[in-house]
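Take any residue in the sequence shown, note its place counting from 1, add 10, and you have its number in the working numbering. See structure below.
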Amino acid sequence: ELVENALDAGARSIDIEIEEGGRQRIRVGDDGVGMGREDAVLALARHATSKIRAAADLVGVASYGFRGEALPAICSVSQLEIETAPVDGGGTRVRAAAGAVEDTREAARRRGTTVTVAHLFYNAPARHKFMRGARSEWRAIMEAVTSVALTRRDVRLSLTHDGKEVLTLPAASSLRARLAALWGGAYAERFLAVDDVRGTTRVSGLVERPADVGTASRRIYVSVNGRAVRDFGIVRAAEAAYQSTIPSGVRPTLFLDFEVARRALGTIGAGAAIGRPTIPFPAAPRYEPPGVDVEALRADRRPREGLFAPSEAGEGTAPAPTPGPADAPTRPESGPEDAEPIPFLMQVNRTYLLFESEGGVVLIDQHSAHERILYEKFMGALTRGEAPG
11 ELVENALDAG ARSIDIEIEE GGRQRIRVGD DGVGMGREDA VLALARHATS
61 KIRAAADLVG VASYGFRGEA LPAICSVSQL EIETAPVDGG GTRVRAAAGA
111 VEDTREAARR RGTTVTVAHL FYNAPARHKF MRGARSEWRA IMEAVTSVAL
161 TRRDVRLSLT HDGKEVLTLP AASSLRARLA ALWGGAYAER FLAVDDVRGT
211 TRVSGLVERP ADVGTASRRI YVSVNGRAVR DFGIVRAAEA AYQSTIPSGV
261 RPTLFLDFEV ARRALGTIGA GAAIGRPTIP FPAAPRYEPP GVDVEALRAD
311 RRPREGLFAP SEAGEGTAPA PTPGPADAPT RPESGPEDAE PIPFLMQVNR
361 TYLLFESEGG VVLIDQHSAH ERILYEKFMG ALTRGEAPG
């Protein structure tokens with residue numbers, strides 16, 4: 011919540027300090043627009059927000075959330091301090107605990123805001139005992155910060171835990187550069203770039219090369235309009251594109267950014283849960299990968315024209331002379347009705363189909379074969395004067 015507030019304030023640099031996995035203290039400092047004295051106090055009032063000015067703003071709110079929703083809730087179960095200053099005014103320090111403001115005074119500081127949350131749930135022992143251990147809470151914080159780092163690559167981020175600097179990420183010019191900063195240059199080079207536009211939706215990002223799938227820990231990060239989300243339909247559609255190129259049981263790493271017209275999404279995002287919320291896509295299209303007709307492949311044994319295949323003479327034209335002392339023998343025509351069925355042996359790497367023939371073994375690339383089948387159906391429909399379907 012605090013990091014997203016910083017992003018909404020236009021921060022270009024965010025520093026995060028954690029003690030004991032956040033159980034003891036969380037501090038988030040930014041260089042955003044900051045707040046004046048009145049707004050700093052108002053930010054701790056319930057139902058207050060700086061994100062909307064009129065009711066119409068609710069329809070197209072583009073911020074990460076409502077600043078006033080999170081801060082009073084956090085303040086009600088912690089000891090909280092806000093230190094803030096706008097670009098053209100003096101600084102303010104507000105201290106509060108258990109939901110009540112205890113002290114407000116002037117403070118010397120640069121433009122921006124720093125929020126410190128200490129002793130979380132100190133006044134709610136029943137809730138405190140359900141907090142996870144420091145190590146588990148730290149892992150959750152790392153996951154949240156990583157999501158922000160991948161979706162907001164234009165922002166510099168630093169993360170410190172128990173006095174030790176864990177992450178220092180300068181603003182990155184690309185997703186690949188941010189991956190390199192997080193996990194190393196060799197890791198970033200494992201991926202293929204994707205970029206496509208369909209209707210009002212653009213998808214871009216990096217996806218794992220089929221040959222590398224299963225060789226490292228799997229990661230899935232999906233963002234919609236700059237916000238990290240969970241959408242299992244998107245993930246399944248992306249994985250379906252791999253189904254014939256990777257072994258069964260392994261799943262690819264995906265880093266995908268979606269830009270969707272807000273009118274297509276409806277009023278989502280402002281009230282969604284923090285972390286990577288699951289969001290609804292109205293009438294979301296779902297990708298269904300093409301199947302492979304093995305029976306059609308068995309029957310389709312017609313010879314294909316290659317580099318040395320004899321060409322047929324067109325109507326009204328003379329065939330080209332064939333060099334050599336004797337004419338080349340004519341290759342007999344064959345078709346599916348003439349071909350003997352050949353036994354299907356196995357599928358290799360979910361990519362190739364292996365058949366047994368009289369002369370040995372036939373290896374067929376199922377993608378190419380499927381394209382050929384579709385092509386033949388298309389041409390047959392045209393020949394019959396039908397609309398290709």
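No residue lacks a Cβ here, since even glycine has one placed at the ideal position from N, Cα and C. Everything numeric in this text was worked out from a predicted model, so none of it was measured.
Answer with buried or exposed for residue i, where buried requires no fewer than 16 other C-beta atoms within 10 angstroms of its C-beta.
i	result
residue 45	buried
residue 220	buried
residue 163	buried
residue 33	buried
residue 262	buried
residue 260	exposed
residue 97	exposed
residue 381	exposed
residue 393	exposed
residue 84	buried
residue 373	exposed
residue 21	buried
residue 106	buried
residue 385	exposed
residue 355	exposed
residue 378	exposed
Taking the continuous beta strand (DSSP E) assigned at residue i, which residues delimit it?
i	result
residue 171	166-171
residue 211	211-218
residue 35	35-40
residue 370	370-375
residue 237	237-239
residue 244	Counting along the chain, residue 244 falls outside any beta strand (DSSP E), though it belongs to the alpha helix (DSSP H) covering 242-250.
residue 254	Note, residue 254: premise wrong, no beta strand (DSSP E); not H, not E.
residue 367	362-367
Between which two residues does the alpha helix (DSSP H) containing residue i stretch?
i	result
residue 52	47-52
residue 157	144-161
residue 231	Segment 230-234 is the beta strand (DSSP E) holding residue 231; no alpha helix (DSSP H) there.
residue 18	12-18
residue 421	Because the chain here runs from 11 to 399, residue 421 falls outside it and cannot be looked at.
residue 190	185-193
Would you please state the rounded distance, in angstroms, between the beta carbons of residue i and residue j? I believe it to be under 8 Å.
i	j	result
residue 168	residue 156	With a Cβ gap of about 13 Å, residue 168 and residue 156 do not count as contacting.
residue 125	residue 92	5 Å
residue 204	residue 215	6 Å
Where in the region 106-141 do unbroken runs of the alpha helix (DSSP H), each at least 4 residues long, occur, reported from the N-terminal end onward? 135-138
Would the region 179-195 count as touching the region 235-248 if we require 3 or more Cβ pairs under 8 Å? no
Inter-stretch contact (C-beta, 8 Å, three-pair minimum) for the region 124-144 and the region 213-233: no
Could you say if the region 103-120 and the region 11-26 meet the contact criterion of at least three C-beta pairs nearer than 8 Å? They do not touch, by the three-pair rule.
Can we say the region 265-273 touches the region 219-239, given the rule of at least three CB pairs closer than 8 Å? These segments touch.
Pair every Cβ in the region 194-203 with every Cβ in the region 55-63, then say whether three or more of these pairs are closer than 8 Å. no
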